[in-house]
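A.B. asks: Let me give you the structure first, and then I'll get to my questions.
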Amino acid sequence: MVSNPADIQHRLRADDSSALQELFRVHYTAICRTLYRLVQDSHLAQDLAQNVFIRVWEKRMQLEVHTSWGAYLNQMAVREGLAHLRKVHRIDVREEIPDQADTHTAEDDALHGDLHTHYHQALDSLPPQCRTVFQLSRQEGLTYPDIAKEMGISVKTVENQMGKALRILREQLKEFIS
2 MVSNPADIQH RLRADDSSAL QELFRVHYTA ICRTLYRLVQ DSHLAQDLAQ
52 NVFIRVWEKR MQLEVHTSWG AYLNQMAVRE GLAHLRKVHR IDVREEIPDQ
102 ADTHTAEDDA LHGDLHTHYH QALDSLPPQC RTVFQLSRQE GLTYPDIAKE
152 MGISVKTVEN QMGKALRILR EQLKEFIS
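Under the working numbering, read the sequence shown as residues 2 to 179, first letter to last.
As structure tokens, then:
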């Protein structure tokens, strides 16, 4: 497990390369797996993973990591992989879904905005550990064992916290759930 996010962040900002080495040692394999799922090439995944850590070092003064480095680096890896795929395959999202922009109405926009606001309010109302578990699982895509390892808690605690988060969110967002 890596030192707490604030400690790593502080060490990076102090130009302590051992903080980057610690992140690399702990997270490199997981980042490679994430990238491999995207690019289906192990050598390319390793190159892109190295790019992720290079970017961490280059942007160390601006980084703000509040939950976990694993989740943050995973998100960076996904972005790195997608950027590579866009560059190589010239992916244009608008070409892939041409009619999406034309099919929604102002009412849809208002409903979406309202749901978005209520969702974030509900998320903010969760107890801190519960919110972190939910975000790592649903927003960062980590598995329960990975979350347990990252947070230093048991898998059973992760399961309980997810259940609690889902109950609270379901209750607070019931007007949007059919």
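Glycine residues also receive a C-beta, built at the ideal position from the N, C-alpha and C atoms.
#1: How is VAL134 classed by DSSP in three states: helix, strand or coil?
#2: At a cut of 8 Å, does the stretch 4-21 reach the stretch 31-50 through at least three beta carbon pairs?
#3: Would the beta-carbon of ALA72 fall within 8 Å of that of GLU141?
#4: Can you check which of these residues, LEU24, MET163, SER18 and VAL156, is closest to VAL66 by C-alpha distance?
#5: Looking at LYS157: is its Cβ nearer than 8 Å to the Cβ of CYS131?
#6: One question on the structure: do HIS28 and LEU74 come within less than 8 Å of each other, judged by their Cβ atoms?
#7: Can you round the beta-carbon distance between SER69 and GLU151 to whole angstroms, since I take them to be within the 8 Å contact cut?
#8: In terms of residues, what are the limits of the alpha helix (DSSP H) holding GLU160?
#9: Would you identify the three-state DSSP class for SER69, choosing helix, strand or coil?
#10: Over the uninterrupted alpha helix (DSSP H) stretch that includes ASP42, give me the two end residues.
#11: Quick one: what's got a C-beta closer than 7 Å to ASN52's C-beta in the same chain, skipping five residues either side?
#12: Rounded to the nearest angstrom, what separates ILE148 and ARG14 at their Cα positions?
#13: If you check the beta carbons only, do SER138 and GLN173 fall under 8 Å apart?
#14: Quick check on the burial criterion: 16 or more other C-beta atoms within 10 angstroms. Buried or exposed for THR144?
C.D. replies: According to the structure shown:
#1: helix
#2: no
#3: yes
#4: LEU24
#5: no
#6: yes
#7: 5 Å
#8: 156-173
#9: coil
#10: Premise fails: ASP42 is in no alpha helix (DSSP H) and is neither H nor E.
#11: GLU81
#12: 26 Å
#13: no
#14: exposed
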